[in-house]
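Single-structure report; data block below.
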């Protein structure tokens, strides 16, 4: 697996009720790069993430994955290359056992038999859960379910991984396990989050999404240190956290 | 589902609307099937009510999809019913079946249309309050109240699960899809049940029974 580039060009999106969520988003993520998309609740982060694999198609502008524009014709091929990890792993894990769920994505693209089994075993091993293929998802802890959700897209051999609030509700040790899982990937990673220390830990580069546009783009450390920028867009560092020392 | 105060129909008390709906249904069901003029008049009345309420046809028609099984059954009747036959476009059809089909079609559609207009102009919680005022057993109304409270959450949960499936390249086609969809419905049920238990515990925690 290697990374593919991801480019949003002038992406606009409004919900059917007319509320404009994205108002011309321009963002280019290089192959293999790791970028955090920061913004307060309701800034449109999840909506932007859903554009990365064509769940939402841009109302205006375009989204490209590895140079291929996402259209109705290419969306199925794009979904094989871009993996989405949703905020609630229970949305993603719906089969009776974790193993069947990890097999679900590759099976949709025609992988079967011994290769499918090998992919499931490999994906679960890579997220550090080699023994749980026969477990029911509801028996796992939240941290395990989130890593299992990541395994479901690793099994598809994706080139871009988009994670929506991957650290929400995780305890510190589950966070650390998640970090080492993600650190081992050479895919392009986009993390949508308001967890600022985590953005700094995982992503050298960050952008700030506010009012449906990218309003800041730079090294994560210097963005977090810009107190005026943070305050203007409702981003608050946890008490006692100093980005310069972390 | 509705904007309170959007029209006189929306603002009318829910209990009155519910009684009117029940009365309307009784009249439609009891009416002899040969009274074509009366059926047309009732349909006209419903259309006027819908127009006053400024309902858009699309959503109301979608609600009426519940009528579809009756329609299919009604269309089958002339073919399967026995008795004297008549030729329609060269196809011999049962006379009694044709009458039965017309009656079912007209009565079911009118009643469902009336119910759809009622549902589109009345907030769900007001429907439950109206049923309470009409002395429906408390057990029934509280089950309905819970449904009203949690239905949106479950619908939303189902929508998020569908998006997560599609994100991994799933399209609902062919027999393989049935097993997947069945697993999804099962997962939704398990989670719905789990939520029910948590809600119950939360009620107990505040001294409920």
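Protein chains in written order, with the numbering used here: chain A, 1 to 246; chain B, 247 to 455. The beta-carbon is built from N, C-alpha and C at its ideal position, and this holds for glycine as well.
Kindly list the residues whose CB is nearer than 6 Å to the CB of residue 367 of chain B, restricted to its own chain and excluding five residues on each side of it in sequence; keep chain order.
For the purposes of this step, residue 367 of chain B is identified with residue 121 of the second chain, where counting begins at 1. The residues are 248, 255, 256 and 299.
Roughly how many angstroms separate the alpha carbons of residue 88 of chain A and residue 41 of chain A, rounded to a whole number?
Locating residue 88 of chain A in the first chain gives position 88, where the first residue counts as 1. Locating residue 41 of chain A in the first chain gives position 41, where the first residue counts as 1. One C-alpha to the other measures close to 16 Å.
Taking only beta carbons into account, state which residues of the segment 149 to 167 of chain A come closer than 8 Å to chain B, listed in chain order.
Close to chain B, meaning a Cβ-Cβ distance shorter than 8 Å, are the following residues of the segment 149 to 167 of chain A: 152, 153 and 156.
So, under 8 Å CB-CB, residue 167 of chain A and residue 198 of chain A are touching, yes? Tell me the CB distance rounded to an integer number of Å.
For the purposes of this step, residue 167 of chain A is taken as residue 167 along the first chain, with counting starting at 1. For the purposes of this step, residue 198 of chain A is taken as residue 198 along the first chain, with counting starting at 1. At roughly 5 Å, the Cβ-Cβ gap stays under 8 Å, so residue 167 of chain A and residue 198 of chain A are in contact.
For residue 173 of chain A, is the classification buried or exposed, using 16 other Cβ atoms within 10 angstroms of its Cβ as the cut-off for buried?
In the first chain, the residue the question calls residue 173 of chain A occupies position 173. By the neighbour-count rule (16 or more Cβ atoms within 10 Å), residue 173 of chain A is not buried but exposed.
Measuring CB to CB, does residue 434 of chain B end up less than 8 Å from residue 404 of chain B?
As a first step, residue 434 of chain B must be located in the second chain, where it is residue number 188. As a first step, residue 404 of chain B must be located in the second chain, where it is residue number 158. Yes, these two residues count as a Cβ contact at 8 Å.
Same chain only: Cβ atoms within 6 Å of residue 343 of chain B, ignoring 5 sequence neighbours per side:
For the purposes of this step, residue 343 of chain B is taken as the residue at position 97 of the second chain. For residue 343 of chain B, where only same-chain residues beyond five positions count, the Cβ hits under 6 Å are 323, 324 and 327.
Is there at least one Cβ from chain A nearer than 8 Å to residue 423 of chain B's Cβ?
On the second chain, residue 423 of chain B is found 177 positions in, with the first residue counted as 1. Proximity of residue 423 of chain B to chain A, defined by a Cβ-Cβ separation below 8 Å, is not satisfied.
With 7 Å as the limit, tell me which residues of the segment 92 to 111 of chain A have their beta carbon closer than that to any beta carbon of chain B; keep them in chain order.
92, 94, 95, 96, 104, 105, 108 and 109
Rounded to a whole number of angstroms, what is the C-alpha to C-alpha distance between residue 47 of chain A and residue 20 of chain A?
Translated into the one-based positions of the first chain, residue 47 of chain A becomes position 47. Translated into the one-based positions of the first chain, residue 20 of chain A becomes position 20. Roughly 11 Å separates the two Cα atoms.
Against chain B, with Cβ distances strictly below 8 Å, would residue 247 of chain A count as a contact?
A query on residue 247 of chain A cannot be resolved here, the shown segment of chain A reaching from 1 to 246 and no further.
Simplified DSSP assignment, three categories, for residue 340 of chain B:
Indexing the second chain from 1 puts residue 340 of chain B at position 94. Strand, per DSSP.
DSSP three-state assignment for residue 214 of chain A, whether helix, strand or coil
Position 214 of the first chain holds residue 214 of chain A. Three-state result, residue 214 of chain A: strand.
Between the C-alpha atoms of residue 390 of chain B and residue 374 of chain B, what's the straight-line distance to the nearest angstrom?
On the second chain, position 144 is the one that residue 390 of chain B refers to. On the second chain, position 128 is the one that residue 374 of chain B refers to. Residue 390 of chain B and residue 374 of chain B have their alpha carbons spaced roughly 7 Å apart.
Tell me which residue opens and which closes the alpha helix (DSSP H) that residue 103 of chain A is part of.
Start at 1 with the first residue of the first chain, and residue 103 of chain A comes out as number 103. Its alpha helix (DSSP H) spans residues 98 to 108.
Indicate whether the contact test is met: 3 or more Cβ pairs, each with one atom in the segment 124 to 134 of chain A and one in the segment 64 to 77 of chain A, closer than 8 Å.
The segment 64 to 77 of chain A and the segment 124 to 134 of chain A do not touch, with fewer than three beta-carbon pairs separated by less than 8 Å.
Residues of the segment 400 to 427 of chain B whose Cβ lies closer than 7 Å to any Cβ of chain A, in chain order:
Correct list: 406, 407, 409, 410, 412, 413, 414, 415 and 416.
Any beta carbon from chain B within less than 8 Å of residue 169 of chain A's own beta carbon?
Stepping through the first chain from its first residue, residue 169 of chain A is reached at position 169. It does not: the Cβ of residue 169 of chain A has no partner Cβ on chain B nearer than 8 Å.
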